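Report on the following structure.
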Amino acid sequence: MKNTYTTLAAATALVCMAAGAIAQNAIVTIAHVGPTSGAIAHLGKDNENGALLAVEEINAAGLSIGGKKVTLKLMAEDDAADPKQGTAVAQKLTDSKVSGVVGHMNSGTTIPASRIYNDAGIAQISPSATNPKYTRQGFKTAFRVVADDTQLGGTLGRYAVHTLNAKNVAVIDDRTAYGQGVAEEFAKAVLAAGAKIVAKEFTNDKAADFNAILTTIKGKKPDLIFFGGMDAVAGPMMRQMKSLGLNVKFMGGDGICSAEFVKLAGDAVSDNQVFCAEAGGVEGKNKTALDAFKVKFKKRFGTDVQMYAPYAYDSVQLMVAAMVKAGSSDPVKYLPALAATKYQGITGPISFDKRGDINAGALTLRTVKGGKLEELAVIR
Numbered sequence: 067m068k069n070t071y072t073t074l075a076a077a078t079a080l081v082c083m084a085a086g087a088i089a090q091n092a093i094v095t096i097a098h099v100g101p102t103s104g105a106i107a108h109l110g111k112d113n114e115n116g117a118l119l120a121v122e123e124i125n126a127a128g129l130s131i132g133g134k135k136v137t138l139k140l141m142a143e144d145d146a147a148d149p150k151q152g153t154a155v156a157q158k159l160t161d162s163k164v165s166g167v168v169g170h171m172n173s174g175t176t177i178p179a180s181r182i183y184n185d186a187g188i189a190q191i192s193p194s195a196t197n198p199k200y201t202r203q204g205f206k207t208a209f210r211v212v213a214d215d216t217q218l219g220g221t222l223g224r225y226a227v228h229t230l231n232a233k234n235v236a237v238i239d240d241r242t243a244y245g246q247g248v249a250e251e252f253a254k255a256v257l258a259a260g261a262k263i264v265a266k267e268f269t270n271d272k273a274a275d276f277n278a279i280l281t282t283i284k285g286k287k288p289d290l291i292f293f294g295g296m297d298a299v300a301g302p303m304m305r306q307m308k309s310l311g312l313n314v315k316f317m318g319g320d321g322i323c324s325a326e327f328v329k330l331a332g333d334a335v336s337d338n339q340v341f342c343a344e345a346g347g348v349e350g351k352n353k354t355a356l357d358a359f360k361v362k363f364k365k366r367f368g369t370d371v372q373m374y375a376p377y378a379y380d381s382v383q384l385m386v387a388a389m390v391k392a393g394s395s396d397p398v399k400y401l402p403a404l405a406a407t408k409y410q411g412i413t414g415p416i417s418f419d420k421r422g423d424i425n426a427g428a429l430t431l432r433t434v435k436g437g438k439l440e441e442l443a444v445i446r
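Residues 67 to 446 (my numbering) make up the sequence shown, in order.
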C-alpha cells in the first residue's frame, strides 16, 4: 500500500508540475484587421497572412517576455473596408483587451478606429494605410510602416509632369479617405510642376459604370488620367476607357499597384500606359531577405505576395520586439519602446518620427509591361 500511495503522490506531483508549466506559458493576443471579404479581400487576406506567418515563426522560435514563456495568438478580424464595421471591430478588440493591433489596411477604416485604440491605450501599427491624417491626430498609439500620401501622391504628380510629360491631367477619386487623400496630393504636385488639371470627377468604391464621367473627361482631351482608388474599380475603369477610345496614360497610387488590377484590366492595358507607386520599397542588400520571405509565404499559403504582406509581417515582429525590450505585453509599458524602435525588418530599417510615421519611407514606382507589373525605381 505504501508503494502505491508513493506512486500516486509522485504522479500527482508530476501532473501539478506540468499544469504549472502550462499556466506559466501565458497567452499574449495581438490582432490583425483588414478587409477579408468584399471586392478587395485579396489584399486584406494578404496582410492577414503576413501577420500570421510572423506569429507562427515567433512561436516556433520560442518567446519570453519579462522572463516568462509566452505563446503569441493572432486574433484576425474583417472590417470589409467599411468605416462603420471598422469601428465596431475596434471596439470589440478593446473590449477583448488585446495587447496590440496590426491594421487596419485602408485609411478609411484605420483613421476612425485609431481614436478607439488611442482612448483604450492600445498600440496600433498600420502596414498600409497612407492618408496623412492617421498620424497627425496627436495619438501616441498610432504608427505606420509605409510612406504616406504626401509622399506617394506628390511623387506621382511630379513624375507625371516631369517624366511622362503630361500637360493636361484629369483626376478621378472614389470618395474614400484613401482615394481622396492621394488624389488631392497628386493634384497639388501636378499644379506645382506647371501642368493643368482639366477635369476633376468622382465615383465610389463599389461602382462598375464609369461611362458618364469618362465621356466628360474625354471631351477635355487629357493626356493622363489619375485615379485615386483601388484595383477592383480601376480594372473595369480601364476596360471602359478602351471601349471609349480613351487611350491615354493612366496612373494611380498603391491601391491599383497589384497583380489583381492587371488581371481585371486585361487587354485594355498597353505596355508603359499604366504607372503606379507602392507605399514601400526594398533595395540593395535588403532584397535578399524580402525574396526569402516571398518564397516562405508562397510555400505556407500557396499564393504569391499581393502587396503589403511583408509590412504586416514586420509590424508584428517589431511590436513583439518592443514587448520583449520593455519586459511586458502591456501597451502602457511597451509603447515607449515601440516609439523608440530601431528595427531591421525584411522591408528594411524601421524607426519612427515623433508622429509615428516611418523615417525615410520608400516608394516603389511601377509600370505594366508584358501583362505584369515591372519595377521602375525605389525612391526615398
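Built from N, CA and C at the ideal position, the CB exists for glycine as well.
Every value quoted in this text rests on a predicted model; they were computed, and no experiment measured them.
Residues sharing a beta bridge with residue i, DSSP
i	result
Gln190	Val167, Ala208
Ile238	Glu267, Phe293
Asp144	Gly100
Gly422	For Gly422, which the question treats as bridged, DSSP gives no partner whatsoever.
Leu431	Ala343, Ala443
Thr137	Ile93
Ser130	Lys135
Phe316	Ile291, Val340
Gln410	Pro415
Lys284	In the DSSP output, where bridge partners are listed per residue, Lys284 has none listed.
Lys262	Asn234
Lys438	Lys435
Cut-off 6 Å between Cβ atoms - residues of its own chain near residue i, not counting five sequence neighbours on either side
i	result
Asp320	Glu344, Ala345
Ala406	none
Ala249	Val237, Asp239, Gly294
Lys438	none
Arg34	Outside the shown range of the chain (67 to 446) lies residue 34, about which nothing can therefore be said.
Phe359	Pro376, Ile412
Ala426	Arg446
Nearest neighbour of residue i, chosen from the options [CA to CA]
i	options	result
Ile124	Asp380, Val398, Pro415	Asp380
Leu310	Val155, Gly368, Gln339, Ile279	Ile279
Val444	Ala387, Asn352, Ala403	Asn352
Ala236	Tyr377, Pro288, Ile177	Pro288
Glu114	Gly422, Gln410, Phe367	Phe367
Leu218	Gln246, Gln339, Lys435, Lys391	Gln246
Leu431	Asn425, Leu257, Asp423, Leu442	Leu442
Gly116	Gly100, Ile182, Ile106, Val340	Gly100
Cys323	Met307, Phe292, Gln306	Phe292
Met307	Thr221, Ala334, Ala325, Ser395	Ala334
Ala388	Lys362, Gly169, Glu122, Gln410	Gln410
Ile283	Met303, Ala142, Arg210, Ala274	Met303
Phe252	Gly301, Asn197, Gly347	Asn197
Gln190	Ala298, Val386, Gly427	Val386
Leu356	Ala105, Phe341, Ala378, Gly332	Ala378
Leu119	Gly132, Lys139, Gly133	Lys139
Gly422	Leu429, Ala146, Lys206, Ser130	Lys206
Ile424	Arg241, Thr354, Arg210	Arg210
Distance, residue j Cα to residue i Cα
i	j	result
Ala97	Gly110	13 Å
Thr78	Asn91	Residue placement at Thr78 is flagged as unreliable, the pLDDT there being 42, under the threshold of 50; a coordinate-derived value is accordingly withheld.
Val415	Asp214	A quick correction: the sequence has Pro, not Val, at residue 415. Distance between the alpha carbons of Pro415 and Asp214 is about 17 Å.
Lys150	Thr175	8 Å
Ala142	Glu122	14 Å
Val163	Asp396	According to the sequence provided, residue 163 is Lys. The question's Val does not apply to it. Their backbone Cα atoms lie some 10 Å apart in a straight line.
Ser394	Cys342	41 Å
Lys362	Pro402	32 Å
Gly132	Met373	34 Å
Ala241	Thr269	Sequence check: residue 241 is Arg here, not Ala. Roughly 7 Å between the two C-alpha positions.
Residue interval of the beta strand (DSSP E) (run including residue i)
i	result
Pro415	414-416
Residue span of the alpha helix (DSSP H) that contains residue i, given as start and end
i	result
Phe367	352-367
Val382	375-392
Leu159	149-161
Val227	215-228
Val328	325-331
Same chain, Cβ closer than 8 Å to residue i, neighbours up to 5 away in sequence not counted
i	result
Lys435	Asp337, Asn338
Ala261	Ala226, Val227, Ala232, Lys233, Asn234, Val235
Residue-chain proximity (residue i, chain D), Cβ-Cβ < 7 Å
i	result
Ala406	Considering every chain present, this structure includes no chain D. It has just one protein chain.
Residues near residue i in its chain [Cβ-Cβ closer than 7 Å; skip 5 each side]
i	result
Val314	Pro288, Asp289, Leu290, Ile291
Ala448	Beyond the ends of the chain as shown, which are 67 and 446, falls residue 448; an answer cannot be given.
Lys364	Asp370
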